[in-house]
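Number of protein chains: 2
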Amino acid sequence: MEQKKVGIVGLGLMGGSLSLALQAVTSEYRFIGLDHNQQHTKEALACGLVDEIVDSLDAISQCDIILLTIPVDAIIAIAKQLKGLQPHTTIIDLGSTKEKISTSIPSTIRHHFVTAHPMTGTEQSGPKSALSSLYKDKVVVLCDMQKSGEVQRQVAQRLFEQLQMKLVFMDAKSHDRHAAFISHMPHALSYSLANAVMLQEEKESIVALAGGGFRDMSRIAKSSPTMWEDIFRQNRENLLEAIDAFEQELQTCKRLVAQEEWEALNSWMQRANKLHEIL
Amino acid sequence: MEQKKVGIVGLGLMGGSLSLALQAVTSEYRFIGLDHNQQHTKEALACGLVDEIVDSLDAISQCDIILLTIPVDAIIAIAKQLKGLQPHTTIIDLGSTKEKISTSIPSTIRHHFVTAHPMTGTEQSGPKSALSSLYKDKVVVLCDMQKSGEVQRQVAQRLFEQLQMKLVFMDAKSHDRHAAFISHMPHALSYSLANAVMLQEEKESIVALAGGGFRDMSRIAKSSPTMWEDIFRQNRENLLEAIDAFEQELQTCKRLVAQEEWEALNSWMQRANKLHEIL
Numbered sequence: 001m002e003q004k005k006v007g008i009v010g011l012g013l014m015g016g017s018l019s020l021a022l023q024a025v026t027s028e029y030r031f032i033g034l035d036h037n038q039q040h041t042k043e044a045l046a047c048g049l050v051d052e053i054v055d056s057l058d059a060i061s062q063c064d065i066i067l068l069t070i071p072v073d074a075i076i077a078i079a080k081q082l083k084g085l086q087p088h089t090t091i092i093d094l095g096s097t098k099e100k101i102s103t104s105i106p107s108t109i110r111h112h113f114v115t116a117h118p119m120t121g122t123e124q125s126g127p128k129s130a131l132s133s134l135y136k137d138k139v140v141v142l143c144d145m146q147k148s149g150e151v152q153r154q155v156a157q158r159l160f161e162q163l164q165m166k167l168v169f170m171d172a173k174s175h176d177r178h179a180a181f182i183s184h185m186p187h188a189l190s191y192s193l194a195n196a197v198m199l200q201e202e203k204e205s206i207v208a209l210a211g212g213g214f215r216d217m218s219r220i221a222k223s224s225p226t227m228w229e230d231i232f233r234q235n236r237e238n239l240l241e242a243i244d245a246f247e248q249e250l251q252t253c254k255r256l257v258a259q260e261e262w263e264a265l266n267s268w269m270q271r272a273n274k275l276h277e278i279l
Numbered sequence: 001m002e003q004k005k006v007g008i009v010g011l012g013l014m015g016g017s018l019s020l021a022l023q024a025v026t027s028e029y030r031f032i033g034l035d036h037n038q039q040h041t042k043e044a045l046a047c048g049l050v051d052e053i054v055d056s057l058d059a060i061s062q063c064d065i066i067l068l069t070i071p072v073d074a075i076i077a078i079a080k081q082l083k084g085l086q087p088h089t090t091i092i093d094l095g096s097t098k099e100k101i102s103t104s105i106p107s108t109i110r111h112h113f114v115t116a117h118p119m120t121g122t123e124q125s126g127p128k129s130a131l132s133s134l135y136k137d138k139v140v141v142l143c144d145m146q147k148s149g150e151v152q153r154q155v156a157q158r159l160f161e162q163l164q165m166k167l168v169f170m171d172a173k174s175h176d177r178h179a180a181f182i183s184h185m186p187h188a189l190s191y192s193l194a195n196a197v198m199l200q201e202e203k204e205s206i207v208a209l210a211g212g213g214f215r216d217m218s219r220i221a222k223s224s225p226t227m228w229e230d231i232f233r234q235n236r237e238n239l240l241e242a243i244d245a246f247e248q249e250l251q252t253c254k255r256l257v258a259q260e261e262w263e264a265l266n267s268w269m270q271r272a273n274k275l276h277e278i279l
């Protein structure tokens, strides 16, 4: 059987891990990579993330499946440059915000697109950080699927099932709002925490006193600024609203501590404990 | 060789894990437990955390080593009730704040005390959550050691070395300030995050969209309110100052996003990335 060609634009953690995970379960795909970072293309070849590197979008346009694992603005820019797609060509973007992508893709090619958000990642980036286990058992949110073609929906769903992911369907606008609260705002907190602590504390004290709590709370402050600047930009309004909602809770905490209302503080903490029932 | 008697007051995660960890490396200790919670004493016996349960402090007072794994106010209250200590009796408290303990212990018995803070824990509590691996390779901060007797210092250091912990020495006042920034304030953030998200989001969305970031950031919001109310009370001023420092960073983030100063936001995130060099 001839291998299907999978073009990956953006050879980082997400794109690289996708290739490794698919290679682990099937040999039906051949992987073709494109990245403007020469170091990354070398590493991707060396780590076996792709079979071949190309340097133009023409070669990518001819692939059966095109994975766009790059920032949101780059996804939109690249989408407008893809030419000569075959009827079955399936373009899957993994942008962290979905509404702008869903509405910005030219209508002539919109049905080729399946716009997806896998709820996974690490604080690492680049081809060397790729993990074959990154997607397994994780959720992928598929947005505005009514805008995708029938063939494209099937191809994408099959691919995410091969990755052993759990499929969740949502409209792009809801996705962005939920993601602001559950993913993006927590990143703003982690960056703020890391900056506040490093401003106040010596390295030695941080190393000595950092228990599991601080390590967990500050881990995502190590995430790529390039990627997260883009996400914050794309989801600006939802993010600001989510930060406001967080600040109200922190204000409550501060007030209860300042006014020594310990019973009310305990109840407020008990309310947070309800998370035990959810996660 | 006759076993040394170790009395544990407070049969929860910390006390229970200490017993399991010591039992795993030596048979030189016999463990005697006291807890006002009858369910916990039963579970502690059933889980093999202690050899014997007693119901009065008299039996604990006669132990060679006394571990106080209870909240700070309880540590201070119990300290005043311990009677008839032997010259070598070593009392180790694991309270999360240290200055009040260090200065509140009656001077007649202060030299018996070694006041320690192991930088470890989980979001679980109670005897069933005890783990033999909880202390291994973790830091224990030993405070104001000049106030402890020579024998007591040696006994405590040997015990923490048996637990394979890394010993860090600090004055109690500095400890409390560092702990506010590196441990206590992050708990306030996690509780606030959990409350903000559960107020805004349905359970289904949280389950669907929670990636590793949110799971890590919200994990310690599951911590015991009884324990953390006490810690916030004991370290109130340092905690409020640490929250203020955090808020300044979050305000910076919010301002840069609101005013669309993306380059400055990227630099601010890069500053947080320096944590890579520390942890």
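Each protein sequence line maps, in turn, to chains A and B.
Take the first sequence: its position 262, counted from the start at 1, is 262 in our numbering, and no numbers get skipped.
Take the second sequence: its position 60, counted from the start at 1, is 60 in our numbering, and no numbers get skipped.
Glycine is no exception: its CB is placed at the ideal position from the N, C-alpha and C atoms.
All values derive from a computational prediction rather than experimental measurement.
Min CB distance residue i to chain A below 9 Å
i: B:GLU161; result: no
i: B:SER102; result: no
i: B:ILE206; result: yes
i: B:GLN248; result: yes
i: B:ASN168; result: The amino acid occupying residue 168 of chain B in the given sequence is Val; Asn does not appear at that position. Yes, B:VAL168 counts as interfacial toward chain A.
i: B:LYS136; result: no
i: B:TYR29; result: no
i: B:ALA221; result: yes
i: B:MET198; result: yes
i: B:GLU201; result: yes
i: B:THR122; result: yes
Element boundaries [alpha helix (DSSP H), containing residue i]
i: A:HIS117; result: No alpha helix (DSSP H) holds A:HIS117; the beta strand (DSSP E) holding it covers 113 to 118.
i: A:VAL155; result: 150 to 162
i: B:ASP176; result: 172 to 179
i: B:SER107; result: Where B:SER107 is concerned, there is no enclosing alpha helix (DSSP H), given that its DSSP letter is neither H nor E.
i: B:LYS203; result: 203 to 209
i: A:ILE243; result: 236 to 258
i: B:PRO186; result: 185 to 200
i: A:LEU265; result: 262 to 273
i: A:MET1; result: Element bounds for A:MET1: n/a, residue is neither H nor E.
i: B:MET217; result: 212 to 219
Host beta strand (DSSP E) of residue i (start-end)
i: A:ILE8; result: 4 to 9
i: B:CYS143; result: 139 to 143
i: A:ASP55; result: Segment: none, A:ASP55 is in no beta strand (DSSP E) and carries neither H nor E.
i: B:THR89; result: Careful: B:THR89 lies outside any beta strand (DSSP E) and carries neither H nor E.
9 Å Cβ cutoff met for residue i and residue j
i: B:PHE214; j: A:LEU193; result: no
i: B:LEU94; j: B:LEU131; result: no
i: A:VAL9; j: A:LEU49; result: no
i: A:GLN270; j: B:PRO225; result: yes
i: A:ILE231; j: A:THR97; result: yes
i: B:THR26; j: B:ILE65; result: no
i: B:ALA258; j: A:LEU240; result: yes
i: A:GLU204; j: B:PHE181; result: no
i: A:VAL6; j: A:CYS63; result: yes
i: A:CYS143; j: A:SER102; result: yes
i: A:THR122; j: A:LYS138; result: no
i: A:LEU250; j: B:ILE220; result: no
i: B:VAL197; j: B:LEU167; result: no
i: A:ALA36; j: A:GLY12; result: What sits at residue 36 of chain A in the sequence shown is His, not Ala. No.
i: A:ALA272; j: B:ASN235; result: no
i: A:MET217; j: B:ASP171; result: no
i: A:GLU229; j: B:TRP228; result: no
i: A:TYR135; j: A:SER267; result: no
i: B:SER125; j: B:SER223; result: yes
i: A:GLU43; j: A:MET1; result: no
Short CB-CB distance (under 9 Å) between residue i and chain B
i: A:ASN37; result: no
i: A:CYS143; result: no
i: A:VAL280; result: Outside the shown range of chain A (1 to 279) lies residue 280 of chain A, about which nothing can therefore be said.
i: A:LYS274; result: yes
i: A:ALA242; result: yes
i: A:PRO225; result: yes
i: A:LYS280; result: Residue 280 of chain A lies beyond the range of chain A shown here (1 to 279); nothing can be said about it.
i: A:ILE76; result: no
i: A:ALA188; result: yes
i: A:THR252; result: yes
i: A:GLY213; result: yes
Are the region 154 to 165 of chain B and the region 180 to 189 of chain B touching, with three or more C-beta to C-beta distances below 8 Å? no
Can you give, in chain order, each stretch of the alpha helix (DSSP H) that sits fully within the region 57 to 81 of chain B and has at least 4 residues? 57 to 61, 72 to 79
Segments assigned beta strand (DSSP E), at least 3 residues, entirely inside the region 20 to 48 of chain A: As for any beta strand (DSSP E) of minimum length 3 sitting wholly inside the region 20 to 48 of chain A, the runs are 29 to 34, ordered along the chain.
Does the region 105 to 116 of chain A come within contact of the region 42 to 56 of chain A, defined as at least 3 CB pairs closer than 8 Å? no
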